[in-house]
């Protein structure tokens, strides 16, 4: 909880409305750098109907705060937005005050092509050097850190750099003509990602939302309020597949426990939406196409490659169908448009889902963390590259599996923890 509170700065919604009853002030930080807030406008008709729905369907309660540890139900969506603008890693951690530091140099239009051993060791490689090159190619340079390098290339970039450096599966590296320096077969393996299925309902026309872009832009330019200050939805539905579902007779439950959701769905006008599987069994990978560090790697998300995931999405769609089935939605929704697992054959349903599946852009796991003594994984619990010294990895690639949450805050928390580890070490 410490690092969560350290990175966050809770602020009032754009326009200054009172958000009481839509969040729990006890589980938020107020002195961090990343601004977090709620939607700018008052609850919509759809939002109010979720409260009525909670009275009629007890399995869909309205939860005060999704960050309080028990998110199952409907929660008010919190976003990294403050003063009507997006709050990002760039604005929070690389603002003008940071960029002016005399001990910071930022290189743009530059590629890290490899990490290199700074010196030989009888047991461990000391990867304190990096090779850099202009984005469009050209002469390379080598820079060497005094203590250690921090690799934050992301879920795609980090394994690509490691593999180009000779760190990865020995056999696959040799097949590409790359001299293997450190045999870590899990580099680039084990990617997990949230997969989503598109669903839709028939909605009575007055309940649809049409935003006039010119008006919205004028509101934002005048006082930093309006629809452009937020995402399209106010609330999120988090739910678990029922414990008596036949799915668990065939597959192991991948969730972390009974208070952890399997399914998420952003709630908007209900005209259309996405049912997101938070606990996939499927795994993807990142592999090199060649030994050319400027060539994009082969990215295989592995979506729906495990049969559990398709079965779980089917259960998730049944959950959201039930959510919108109570009398709370009379006069708002007239029917479910699909894809309906209860009216389609297994083959028809599977084809529709596979043809239209999308991601939530939350990939993790291509340089996964494991215990220091484990033969699996890429980094240890201090984020140090296994079998080496002088290098840590700090990005979402180290998460062993995708979280039952959005990954943005988790990466910020990881970085705050990494900063403590690095400071303590030196």
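In this note's numbering, the protein residues as written are 194 to 619.
Beta carbons are placed, not taken as given, at the ideal position from N, Cα and C, and that holds for glycine.
Compare the beta carbon distance of residue 381 and residue 480 with 8 angstroms and say whether it is the shorter of the two. In this structure, residue 381 sits near residue 480, with a CB-CB distance shorter than 8 angstroms.
Might you give, ordered along the chain, the residues of its own chain that have their beta carbon closer than 6 angstroms to the beta carbon of residue 583, omitting 5 neighbours on each side? Here the set comprises 319, 320, 321 and 341.
The alpha helix (DSSP H) that contains residue 441, what's its start and end? That run of the alpha helix (DSSP H) goes 440–443.
Does the distance from the C-beta atom of residue 590 to that of residue 348 stay below 8 angstroms? Result yes, Cβ atoms of residue 590 and residue 348 sit closer than 8 angstroms.
Residue 337 to residue 611, Cα distance in whole Å? One C-alpha to the other measures close to 20 angstroms.
Would you say the region 226–237 touches the region 261–275, given that touching needs at least three Cβ pairs under 8 angstroms? Flag = yes, the region 226–237 and the region 261–275 touch.
Which stretch, first to last residue, makes up the alpha helix (DSSP H) that contains residue 240? Residue 240 -> alpha helix (DSSP H) spans 238–249.
Curious, which full-length beta strand (DSSP E) runs of at least 3 residues does the region 363–391 contain? The region 363–391 contains these whole beta strand (DSSP E) runs: 382–384.
At a cut of 8 angstroms, does the region 427–437 reach the region 496–513 through at least three beta carbon pairs? Yes, since at least three Cβ pairs between the region 427–437 and the region 496–513 fall closer than 8 angstroms, the two stretches touch.
What separation, rounded to the nearest whole angstrom, lies between the Cα atoms of residue 428 and residue 247? Distance between residue 428 and residue 247, taken at the CA atoms: about 13 angstroms.
I'd like the list of long-range same chain contacts for residue 343, defined as Cβ closer than 6 angstroms, with 5 residues on each side in sequence excluded. For residue 343, same chain residues with a beta-carbon under 6 angstroms away, outside a window of 5 residues either side, are 585 and 587 in chain order.
For residue 516, which of helix, strand or coil comes out of DSSP? Helix at residue 516.
Span of the beta strand (DSSP E) around residue 304: Going by DSSP, residue 304 is part of the beta strand (DSSP E) stretching over 303–309.
Is it buried or exposed, residue 410, if we count other Cβ atoms within 10 angstroms and call 16 or more buried? Burial state of residue 410 is exposed, judged by a 10 Å Cβ sphere holding fewer than 16 other Cβ atoms.
Return yes when the C-beta of residue 270 is under 7 angstroms from any heavy atom of the ligand GDP, and no when it is not. The ligand GDP is not part of the structure shown, which contains no ligands of any sort.
Residue 613: first and last residue of the uninterrupted beta strand (DSSP E) it sits in: Element bounds for residue 613: not the beta strand (DSSP E) but the alpha helix (DSSP H), 600–618.
Determine the direct distance from the alpha carbon of residue 559 to that of residue 492, and round the result to whole angstroms. Taking the straight line joining both Cα atoms gives about 11 angstroms.
Compute the Euclidean distance between the alpha carbons of residue 520 and residue 245, then round it to the nearest angstrom. Cα-Cα distance, rounded: 9 angstroms.
By the 10 Å Cβ neighbour count, where 16 or more other Cβ atoms means buried, how is residue 619 classified, buried or exposed? That one is exposed.
Taking residue 259 as the reference, which of 581, 243, 281 and 220 has the closest Cα? The shortest Cα separation from residue 259 among 581, 243, 281 and 220 belongs to 220.
Which value, in whole angstroms, describes the spacing of the CA atoms of residue 333 and residue 300? Near 14 angstroms, if we compare the C-alpha coordinates of residue 300 and residue 333.
Top-ranked residue by Cα proximity to residue 426, from 443, 508 and 404: Per the Cα distances, 404.
7 angstroms CB neighbourhood of residue 503 in its chain, flanking five on each side removed: Only 497, 543 and 546 meet the Cβ criterion.
Given a cut-off of 8 angstroms on the beta-carbon distance, is the pair residue 473 and residue 386 in contact? With respect to the 8 angstroms criterion, residue 473 and residue 386 are classified as neighbours on the basis of their beta carbons.
What would DSSP say about residue 223, mapped onto helix, strand or coil? DSSP places residue 223 in strand when its eight states are reduced to three.
Please state the DSSP three-state secondary structure of residue 578. Reduced to three states, the DSSP call for residue 578 is strand.
For residue 196, the first and last residue of its enclosing alpha helix (DSSP H): Here the alpha helix (DSSP H) through residue 196 covers 195–200.
Got a sec? Which residues, its chain only, sit under 6 angstroms from residue 370 by beta carbon, not counting five neighbours each side? Non-local C-beta neighbours of residue 370 in its own chain, meaning closer than 6 angstroms and more than five positions away in sequence, comprise 484, ordered along the chain.
Candidates 580, 421 and 397, of which the one nearest residue 406 by Cα: Taking only the C-alpha atoms, the option nearest residue 406 is 421.
Local Cβ density within 10 Å of residue 561, reported as buried at 16 or more and exposed below that: Its Cβ being crowded by 16 or more others within 10 Å, residue 561 is buried.
Per DSSP, residue 528 is paired with what? Paired residue(s): 395.
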